[in-house]
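According to the working numbering, the stretch in the sequence shown is residues 13 to 114, in order. The beta carbon of each residue, even a glycine, is placed where N, CA and C say it ideally should be. In what follows, a single structure is set out as structure tokens and then discussed.
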Amino acid sequence: MRGCADRQASRNSRCPGSGRVCRTREVGRVIRTVQLLRYLSDAPLRRRVTAATNKVESFNRFSQWIGFGNPGVVADNTRRELRDYFNRWRMRCRATLTSPVR
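Next up, the structure:
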């Protein structure tokens, strides 16, 4: 483990000028540590964070599923491919509109 003098010397070499950048970085680390400890000790907060994360991930999966440009990209400008593409698009819209909302 390095001593205080070593840490101070390496910190000064990374923080030119008045050291405002280092102080700001350290305050940010303290805030992050406090928030992490709060998260670990507060079960309702963890449940809320997990619920919000799941909601965002669900929305991202939904937007990828309904994304009309991903697997349904029209490679050729033929009538048949366009018709098939729009039929798939129409089925996705119907499935979206008729599926139950949870």
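Test item: CB-CB of residue i and residue j under 8 Å
i: Y51; j: R41; result: no
Limits of the unbroken alpha helix (DSSP H) element including residue i
i: T36; result: R32 to S53
i: T110; result: R91 to T110
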